[in-house]
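Q: Right, I'll just put the structure down here and ask away after.
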Amino acid sequence: MRIASTKSLDKENIPINNLPPLLKQSHEQPPALGLFNSTAQSMIVEQDQDDISWATIPMPSSPLFNPRLSDKKSYNSSISTLANSLSAQPGVSLADLNEAYTELANRIRTDADAINDENQDHVSLVILRKASASLSKAIRRDIKLIMIEASLEDLTGSKTPTNEQALTALEARYSLTNNALRLLSDIVSMKPLCKQFTDKELRSFLGDIVAVLMAPNIPSPDPQRIRNFILWILGNQCLPTDVLSAYSHTMAIIVMQGLGSGLGKSEYRTNSLKIVLKLVTDQRAEFVPSLLQFFSDLLPFLISPTLEYRLLVTRIISRLAATKLEDSSTAMDAFQSVAAKIRDFIAEFSSRSARHSEFGGIREALSPERAVETQSPGWSLVAVSSLIVLSDYGALTHRPSIFLFVKTLSEAASQQQLKRLQPIVWKCLVWAFSSVLEMRTKSNTTRAEETIESAFLVVQEELKGHIGEVIIAAVLSAEDGSAEGVSRALSVLGKMVSSDHVSTRADGILLLSQALGSIGTPSSPGKDTPAVKSYLPLELLDDTLLNATSRTISSAVEAINKKSPHLLWQLSEEDIIRKWDALIDIWITASTAVLRDPDSVLLKNLIGAWQSLLLVQTQLTQGGVHLTTSSGFAGRVFSIMTGFLSMSEPNGSVEAPTRSLRFVSQLWSVAKNVFADRWLHGLAEDLLKTTLTIQCPVETPDLHSAWSSLCEGLAASLDVSHCNEFGILGDIMSSEPDVTMRLWRVLARKSRDVDLLSEQVLVTLLKMSFGKWPTTNNDLEIWRELLSRAISKATVSSSKLVSDILEDKHSK
């Protein structure tokens, strides 16, 4: 049999799986070796705990080949060799052991997919389960063999060995440990294999390899290769947390030594970073306190010239950030220390001198523009997200941090691949702002308020991508700040509805409509505002974006955006009344913007908001039938509506003024539905006077139609009994003939229901229509009725009355 050489450790064949932590050093002496003869022994002693002899498994009697039984034989043969080597009887050579380890490891790797298939119990699992005790003893013995100092005479069996004999003996012993480690790497990196061993056995494995790793001297031709391999095993194991938990501190020491100084690439350093990633993935909050020992040494690798290191550290800090969001209370003190170390790191590598050092500046290293040129274009924004979350309130109170985060995110907005991801990351700043708001309860001082206002200004620099909604959620959920929260929320809402971004403006209008939705409904507004962290998608801090390429990142971001929650916000009636002026100003701004850039859905929402704003100011009249309010409020409504009438003056295109007139008509319809008729009379007259002054020539049919329809709607709310020729009736008589006709018909029909019309009003109505337009039978019938009523009230003779009407200057 050949002796496996040092080259038998082929790292290209090492399976890269997911990871866990480590264990106390074992000081047990390795089990005695039944010294190696050159001939292999095919029969093996029976296992103490089993009734099955590993050498007596029958082969199939059928001549047909059975792969399962063939696999069984292959596994049994290798395990039998290893188990038999534990016997006090000689019979297994060093070469036999090396071959058994190699064959068993190769068999496991060949069957890896089947072994990892949860739907089947692979033959290897059954065999390993029965042989775990013997196999673990053999593996532990051969791993610790490398630690035993031995003379050349003991190794070669010769008092005067030649150089070739000595080298061969050393290489054989090195290969044995190497191959034992190779098999162990497969066992601890595959969960199904791990489960075949007891926690005690796994703990022993872990203790042994840590002892070898931390030994000051390994008597081996290549000790560094052994150490690198053990680090690789630690970075790729999937041991149970119970096995690893006792070794967090030890692992931290190992990592700290592995990181060393400088940022250059080395296998030892790479494996150390992978161990950290494994620990923060599998132990999460439990490992954070141990992480503090080397966290300051870890952060500079975020700006390493080696992309692999930048990605590894980004994965590490993103796991930490996710842990903090999930439950920061489990390691609160540790996370506070992490935040302080991040602030120090940012300050150090943001300085002018750092930009010219061997490490370079952090802004350049995290540049989104440079990131999009790599295999992981989103990595810099994931790194920034993680740093913000871990920095906590320091992200918005530490000037170098503010500069770094805002500048980096501003740059990301200009990158085609990242611009839709940028708002998601900005929400991390909003989360940090919610931490700043918590300072109110801890330090209710002038300085704290100044800090809050400063941070509030920063987070409002971006509102697109539902950022404004998240800011509103943050200020509304702040403790002991409900009044300020509503004020800040309305401040954000005002900026949203006036935004140049159509989507941001639309979001603001929908939020406004929703906030006013409690008016006129039996339900009370909800008081539960979702926590800001619920707006931070888990995919931002897992590997989703880090694994996305330039071809897939857009779809990944789109999928994240679809999961974003929405704020369900309704103001109480008290808040609406208290903030009515601010709300109506926001509504006017939003309405003006939508009229210039029309959207039917948004206009519908604005009409609904207008109704709520009117309803909240009303009160039931005596009898509880109609709504009314103070006469002073009519002046406010008049100024609001005439503000939109000023947009109705034709100036080039008639589309915009037409929309404005139709919008005012809708507003008036809402007002008519809300208020009692008697409250509307004066408002209708004032609005009609203003509307009649607008020039809407017949040559622009759509505009003219919208204008005349509005006039007609306003005229329907006039108090006919108080109209006269020198007031609104005179304005109507001076208007466009077709409008005069339409308004006359409205007023004439309305007058039928008014018993106490004065002679003057009746005569004015008769003069208004006589000879001005072709008269219909219905017009004539109404005119005759008005004339009859006028004659009955006249203080002059009927002939004189008719003569006055016929001779009026307004007649033909």
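Those letters in the sequence shown? Residues 1 to 812, by full-length UniProt numbering. Backbone N, C-alpha and C fix where the C-beta goes; we use that ideal spot for every residue, glycine too. On a predicted model such as this, the values are computed, not experimentally measured, just so you know.
Compare the Cα-Cα distances from residue 815 to each of Lys-278, Asp-208, Asp-327 and Thr-764 and report the closest residue.
A: Since the first residue of the chain shown is 1 and the last is 812, residue 815 is not available in this structure.
Q: Please name the residue or residues paired with Thr-628 in a DSSP beta bridge.
A: BP columns for Thr-628 point to Gln-619.
Q: Restricting to runs no shorter than 4 residues, where is the alpha helix (DSSP H) found entirely within the segment 227-266?
A: DSSP runs (the alpha helix (DSSP H)) wholly in the segment 227-266: 241-244 and 248-259.
Q: Counting Cβ pairs closer than 8 Å, one from the segment 295-314 and one from the segment 270-282, do we hit at least three?
A: Counting Cβ pairs under 8 Å, three or more are found: they touch.
Q: Exposed or buried, which one is Pro-737 when buried takes at least 16 other CB atoms within 10 Å?
A: Counting Cβ neighbours within 10 Å, Pro-737 comes out exposed, since fewer than 16 surround it.
Q: Taking Cβ to Cβ, would you say Leu-512 is nearer than 8 Å to Ala-656?
A: No; because the gap between Cβ atoms is not below 8 Å, this pair is not in contact.
Q: Alpha carbon to alpha carbon, what distance is there between Leu-493 and Asp-753?
A: Using only the alpha carbons, I get a separation of about 47 Å.
Q: CA-CA distance, Arg-749 and Ala-634?
A: Between Arg-749 and Ala-634, the C-alpha separation is close to 26 Å.
Q: Within 10 angstroms of its Cβ, does Trp-773 collect 16 or more other Cβ (buried), or is it exposed?
A: Result: exposed.
Q: Between Pro-305, Tyr-247 and Ala-246, which has its C-alpha nearest Ser-266's C-alpha?
A: That would be Pro-305, whose Cα lies nearest to the Cα of Ser-266.
Q: Going along the chain, which residues of its own chain have a beta-carbon closer than 7 Å to the beta-carbon of Arg-343, five neighbours each way excluded?
A: Answer for Arg-343: Ser-391, Gly-394, His-398 and Ser-401, listed in chain order.
Q: Three or more beta-carbon pairs under 8 Å between the segment 232-252 and the segment 164-176, yes or no?
A: The segment 232-252, when compared against the segment 164-176, does not touch it at the 8 Å Cβ threshold.
Q: Rounding to the nearest angstrom, what Cα-Cα distance links Tyr-309 and Glu-449 in this structure?
A: Tyr-309 and Glu-449: Cα-Cα distance of roughly 40 Å.
Q: Can you look up Ala-340 in the DSSP assignment and give me helix, strand or coil?
A: Looking at Ala-340 - three-state DSSP - the assignment turns out to be helix.
Q: Using the three-state DSSP reduction, which class does Pro-491 fall into: helix, strand or coil?
A: Looking at the sequence provided, one finds Ser at residue 491 rather than Pro. Of the three classes helix, strand and coil, the one that applies to Ser-491 here is helix, per DSSP.
Q: According to DSSP, simplified to helix, strand and coil, what is Ser-646?
A: If DSSP states are grouped into helix, strand and coil, Ser-646 belongs with the helices.
Q: Just to confirm the assignment: which complete alpha helix (DSSP H) runs, minimum length 4, are found wholly within the segment 264-314?
A: List check, alpha helix (DSSP H) in window: 267-282, 288-291 and 295-298.
Q: What number of angstroms, rounded off, separates the C-alpha of Val-425 from the C-alpha of Ser-434?
A: When rounded, the distance between both Cα atoms is 15 Å.
Q: Does DSSP put Ala-794 in a helix, a strand or coil?
A: Coil, per DSSP.
Q: Report the rounded CA-to-CA distance for Leu-703 versus Glu-462, giving the unit in angstroms.
A: When rounded, the distance between both Cα atoms is 39 Å.
Q: Quick one, are the C-beta atoms of Leu-688 and Cys-711 less than 8 Å apart?
A: For Leu-688 and Cys-711, yes; Cβs fall inside 8 Å.
Q: Any contact between the segment 375-386 and the segment 543-551? By contact I mean 3 or more CB pairs, one from each, below 8 Å.
A: Result yes; three or more Cβ-Cβ pairs closer than 8 Å.
Q: Could you check where the alpha helix (DSSP H) with His-681 kicks off and where it finishes?
A: It spans 677-692 - the alpha helix (DSSP H) in which His-681 sits, taken as one unbroken run.
Q: Alpha helix (DSSP H) containing Ala-138: first to last residue?
A: Start and end: 123-144.
Q: Mind the definition here: the segment 203-215 touches the segment 137-146 only if three or more C-beta pairs lie below 8 Å; say whether that holds.
A: With the cut-off at 8 Å, the segment 203-215 and the segment 137-146 touch.
Q: Name the residue from Arg-662, Ser-564, Lys-195 and Gln-224 whose alpha carbon lies nearest to the alpha carbon of Thr-241.
A: Checking every option, the nearest Cα to that of Thr-241 belongs to Lys-195.
Q: Work out the CA separation of Gly-361 and Val-210 for me, nearest whole Å.
A: Val-210 and Gly-361: Cα-Cα distance of roughly 37 Å.
Q: Report, in whole angstroms, the separation of the C-beta atoms of His-122 and Ala-114, which I expect to be a contact under 8 Å.
A: Indeed they touch by this definition, with Cβ atoms about 5 Å apart.
Q: Starting from the Cα of Thr-690, find the closest Cα among Ile-728, Val-674 and Ala-676 and give me that residue.
A: When only C-alpha atoms are compared, the closest one is Ile-728.
Q: Identify which residue in Leu-536, Thr-168 and Val-594 has its Cα closest to the Cα of His-566.
A: The residue with the shortest Cα to Cα distance from His-566 is Leu-536.
Q: Run the CB neighbour count on Ala-483, radius 10 Å, all protein chains shown included, and call it buried at 16 or more, exposed below.
A: Classification for Ala-483: exposed.
Q: Using the beta-carbon count (16 or more within 10 Å), is Val-601 buried or exposed?
A: Val-601 comes out exposed.
Q: Please classify Ile-74: does DSSP put it in a helix, a strand, or coil?
A: Rather than Ile, the amino acid found at residue 74 in this sequence is Ser. Residue state, collapsed to three classes: helix.
Q: Per the contact definition of three or more C-beta pairs closer than 8 Å, is the segment 364-372 in contact with the segment 411-425?
A: The segment 411-425 is in contact with the segment 364-372.
Q: For the segment 249-261 against the segment 284-303, do three or more pairs of beta-carbon atoms, one drawn from each stretch, fall closer than 8 Å, so that the two count as touching?
A: A contact exists between the segment 249-261 and the segment 284-303.
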